[in-house]
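Residue numbers (the UniProt record's numbering): 1 to 751.
Next comes the structure, spelled out in structure tokens:
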């Protein structure tokens with residue numbers, strides 16, 4: 001039985017509890033490590049300076065160029081205590097890591113790194129249908145083209161094979177009754193119409209029937225094409241011949257289901273060409289064609305940021321400047337393109353980014369059938385940036401940041417980390433979008449299809465690069481953005497570091513926890529997946545999800561709202577399962593946590609007209625979509641953070657509006673913590689309140705009812721090349737303990 005009652009915190013009680021908490025914290029600090037033991041650092045001998053491995057090395061030749069700076073005696077400067085911890089920036093670290101971070105601090109002198117500017121040519125210069133990787137001499141072909149020189153044109157069908165009952169084949173996202181572009185499997189109005197390049201995708205090209213009941217959507221007959229979309233009769237629902245001016249003036253009828261699903265087009269009638277969404281918008285050295293960067297001559301890479309020997313040094317990116325060039329003496333005699341060595345001063349840690357074949361990134365962007373899928377921005381009619389609400393957009397943002405980072409290097413022999421850019425957010429959202437992306441060989445499982453992409457990426461880097469075997473991949477970084485994180489990572493890459501949004505250690509649920517069958521990974525053979533958990537707190541990192549900045553919330557400083565204006569004690573708004581209209585029907589959804597919460601505290605009537613058993617006026621647990629979501633969060637003291645099909649964005653939502661997150665997800669690490677035992681502790685205490693400081697400085701508001709409103713300024717600190725955030729853990733057990741004494745239900749009972 002759960003009860004909530006009003007309570008007060010006296011100053012004497014607060015002082016007593018604060019003293020106990022301080023004592024417990026000090027004991028805990030010495031008994032348990034604050035940060036995990038990053039095993040990847042133990043693979044190679046830990047560096048005691050920011051100097052390069054084996055002094056400064058040419059990545060291709062291995063010639064010793066000499067170290068330009070003295071070695072720092074970090075063991076003397078940063079001695080370890082009895083527990084083998086080094087205090088760095090007022091936080092205890094494992095000795096090897098603490099010294100390594102200290103030695104690579106911003107105050108340390110730069111090192112000279114030899115960056116190789118490549119000049120290998122590609123066959124037929126990729127026939128104008130691809131980008132040459134000048135390092136490997138391999139073509140990266142555009143969507144619909146293949147072969148060593150991109151001369152082979154592919155024929156990608158929009159439709160599955162037809163049958164007498166289904167003349168356009170069974171339904172698929174790319175299904176088309178008009179003209180199919182076989183290079184991208186996309187549907188357009190086609191020749192013979194006034195606007196042949198206007199999309200006629202999916203529902204647009206097929207007949208619709210009346211809804212089965214009031215308020216229900218209209219039904220689509222995928223066997224009957226809608227020929228009216230070609231009409232010139234202004235009284236019928238046309239599309240392919242509708243003049244935009246007449247359409248905007250309501251002088252002609254048009255089919256509402258037709259719109260601009262594809263990227264690079266805007267306007268109600270797709271009449272405005274706009275920028276497409278590409279990685280770093282091709283860095284100013286190329287043209288974005290639907291998501292694939294068509295690089296200018298002399299440049300390559302997914303974002304056209306890597307110069308070749310034919311590029312202009314003045315245009316090189318900042319992470320390659322200023323550079324001292326070493327031009328071979330015989331270059332003018334051979335008349336051939338040669339590799340150039342450019343000596344660049346950099347600070348560690350250094351990260352190498354693999355330039356993978358485009359099927360792992362660029363092609364997934366170029367061929368997407370819904371322009372908002374897996375990207376964090378689009379462009380409006382004026383080519384102004386529109387930030388999307390795509391939660392998985394953090395993967396693209398992370399990739400772009402690393403590519404433009406001053407810590408990036410082209411010299412793999414000098415690199416401390418290796419980033420492998422596989423965009424699983426695009427793979428999963430595009431799975432089964434078209435016949436060539438069929439999941440028939442994967443039992444319809446998107447998780448199985450995605451695993452295969454990662455395994456092929458692993459095979460590629462092992463075949464073409466020497467760096468994996470140096471550490472068995474322990475210094476490699478892979479990003480998994482989807483709901484359950486790295487659960488479906490192939491066994492070959494599990495030694496690496498996984499960057500995820502949800503850290504399910506499988507200590508509580510040693511199986512897939514998603515309720516969506518296509519993402520379930522239980523049926524994936526252990527021969528492919530192995531038997532690893534979804535998250536290893538000793539090596540992996542939980543990263544915040546993408547959140548679109550809310551101008552109103554920022555301008556009104558909702559996050560700084562004082563306690564007296566926060567009238568709601570607890571708030572949760574989201575899907576609550578099958579007991580509510582439009583709720584998820586699966587009993588396994590949210591591992592049953594949201595359903596249990598609603599059963600006890602539901603503030604909105606369910607299908608039977610019942611409220612929660614212990615509903616209270618100042619507790620809101622509702623599935624109804626709020627029109628003022630940020631305002632509601634900012635009006636609350638505590639906000640619920642519970643899983644959906646995996647991680648959800650409730651942690652970020654709560655923090656951004658100054659609401660204290662209440663995390664209920666046993667056995668799973670939610671940022672900002674990577675502490676292995678944290679949720680064992682949370683299980684015993686029923687809940688844990690967590691806080692973090694993101695890339696920018698946030699004022700985190702700490703509160704308890706009827707107590708003074710405290711403010712803490714937390715400044716993030718750059719610790720590694722692939723992340724611009726520092727993790728803070730703050731446990732509040734004073735006023736929280738009073739609440740917990742009233743919440744007698746066990747998290748174990750809920751889960």
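Glycine included, C-beta positions come from ideal geometry on N, C-alpha and C.
Counting pairs of beta carbons, one from the segment 573-588 and one from the segment 432-451, are three or more of them closer than 8 Å?
As far as the Cβ criterion goes, the segment 573-588 does not touch the segment 432-451, which means the pair count is below three.
Under the three-state DSSP convention, the category residue 497 falls into
Looking at residue 497 - three-state DSSP - the assignment turns out to be strand.
For residue 644 versus residue 592, is the C-beta distance shorter than 9 Å?
Cβ atoms of residue 644 and residue 592: not closer than 9 Å.
Select from 517, 389, 310, 512 the residue whose C-alpha is nearest the C-alpha of residue 653.
Here the closest residue by C-alpha is 389.
CA-to-CA distance, residue 501 to residue 658, given in whole angstroms
In a straight line, the C-alpha of residue 658 is about 20 Å away from that of residue 501.
Between the segment 239-257 and the segment 212-229, do at least 3 Cβ pairs fall closer than 8 Å?
Contact holds: three or more Cβ-Cβ distances are below 8 Å.
Could you work out which residue in 352, 532, 357, 203 is closest to residue 142 when comparing CA atoms only?
For residue 142, the nearest C-alpha among the options comes from 357.
Which first and last residues belong to the alpha helix (DSSP H) in which residue 482 is found?
Residue 482 -> no alpha helix (DSSP H), and no H or E assigned at all.
In whole angstroms, what separates the C-alpha of residue 504 from that of residue 486?
If I take the Cα positions, the gap works out to 9 Å.
Exposure label - residue 459; buried when at least 16 CB within 10 Å:
By the neighbour-count rule (16 or more Cβ atoms within 10 Å), residue 459 is not buried but exposed.
Could you spell out where the alpha helix (DSSP H) holding residue 630 opens and where it closes?
Unbroken alpha helix (DSSP H) run through residue 630: 629-634.
Residue 274 versus residue 185: straight-line alpha-carbon distance, rounded
Near 21 Å, if we compare the C-alpha coordinates of residue 185 and residue 274.
Assuming residue 565 and residue 635 are in contact, meaning their beta carbons sit under 8 Å apart, how far apart are those beta carbons, in whole angstroms?
Contact between residue 565 and residue 635 holds, with the beta-carbon distance rounding to 7 Å and staying under 8 Å.
Per DSSP, the bridge partner or partners of residue 225
In the DSSP output, where bridge partners are listed per residue, residue 225 has 206.
In chain order, what are the residue ranges of uninterrupted beta strand (DSSP E) at least 3 long that sit wholly in the segment 596-624?
Counting whole runs of 3 or more residues, the segment 596-624 contains the beta strand (DSSP E) stretches 619-622.
Check residue 177 in the structure and name its three-state DSSP category.
DSSP places residue 177 in coil when its eight states are reduced to three.
Between which two residues does the beta strand (DSSP E) holding residue 390 run?
Per DSSP, residue 390 belongs to no beta strand (DSSP E) and is neither H nor E.
Just to confirm before moving on: does the CB-CB distance between residue 427 and residue 449 stay below 9 Å?
Yes, Cβ-Cβ distance for residue 427 and residue 449 is below 9 Å.
Might you give, ordered along the chain, the residues of its own chain that have their beta carbon closer than 7 Å to the beta carbon of residue 515, omitting 5 neighbours on each side?
Here the set comprises 584, 586, 588, 589, 645.
Classify residue 474 as helix, strand or coil using the three-state DSSP reduction.
The DSSP-derived three-state label of residue 474 is coil.
Please work out which residues of its chain come closer than 6 Å, Cβ to Cβ, to residue 88, disregarding the five sequence neighbours upstream and downstream, and give them in chain order.
98, 101, 102.
Spatial neighbours of residue 530 in its chain, beta-carbon cut-off 8 Å, leaving aside the 5 residues before and after:
Sequence-distant partners of residue 530 (beyond 5 residues in either direction) whose C-beta falls short of 8 Å from its own C-beta, in its chain, are 490, 491, 494.
For a test of your reading of the model: does the CB of residue 661 fall under 8 Å from any non-hydrogen atom of the ligand HEM? Yes or no.
This structure simply doesn't include the ligand HEM, nor any ligand for that matter.
Looking at the structure shown, is residue 123 part of a helix, part of a strand, or coil, going by DSSP?
DSSP places residue 123 in helix when its eight states are reduced to three.
Compare the C-alpha of residue 523 against each of 162, 660, 444, 425 and name the closest.
Of all alpha-carbon atoms in 162, 660, 444, 425, the one lying nearest the alpha-carbon of residue 523 is that of 444.
Straight-line Cα distance separating residue 648 from residue 613:
For residue 613 and residue 648, the distance between alpha carbons rounds to 26 Å.
Just checking, does the segment 193-201 make contact with the segment 265-273 on the three C-beta pairs under 8 Å criterion?
Taking a contact to require three or more Cβ pairs closer than 8 Å, the segment 193-201 and the segment 265-273 qualify as touching.
Can you give the beta carbon distance from residue 642 to residue 664, rounded, assuming they're within the 8 Å contact cut?
In this structure, residue 642 and residue 664 form a Cβ contact; the two beta carbons are roughly 5 Å apart against a cut-off of 8 Å.
Under the three-state DSSP convention, the category residue 538 falls into:
Note: residue 538 maps to coil in three-state DSSP.
When you compare the CB positions of residue 539 and residue 496, do they come within less than 9 Å of one another, or not?
The answer is yes: Cβ separation under 9 Å.
Close beta carbons around residue 129, own chain, < 7 Å, minus the five adjacent residues each side
141, 142, 145, 150.
To the nearest angstrom, how far is the alpha carbon of residue 318 from that of residue 418?
Using only the alpha carbons, I get a separation of about 20 Å.
Count the C-beta pairs between the segment 107-119 and the segment 155-164 that are closer than 8 Å, then say yes if the count reaches three, no if not.
These segments do not touch.
Starting from the N-terminal side, write out each stretch of the beta strand (DSSP E) that is 3 residues or longer and does not extend beyond the segment 225-263.
Qualifying beta strand (DSSP E) stretches: none in this window.
Thinking C-alpha only, which one of 257, 170, 181 is nearest residue 203?
For the options 257, 170, 181, the alpha carbon positioned closest to that of residue 203 is the one of 257.
Residue 365 and residue 306 closer than 9 Å at C-beta:
9 Å or more divides the Cβ of residue 365 from the Cβ of residue 306.
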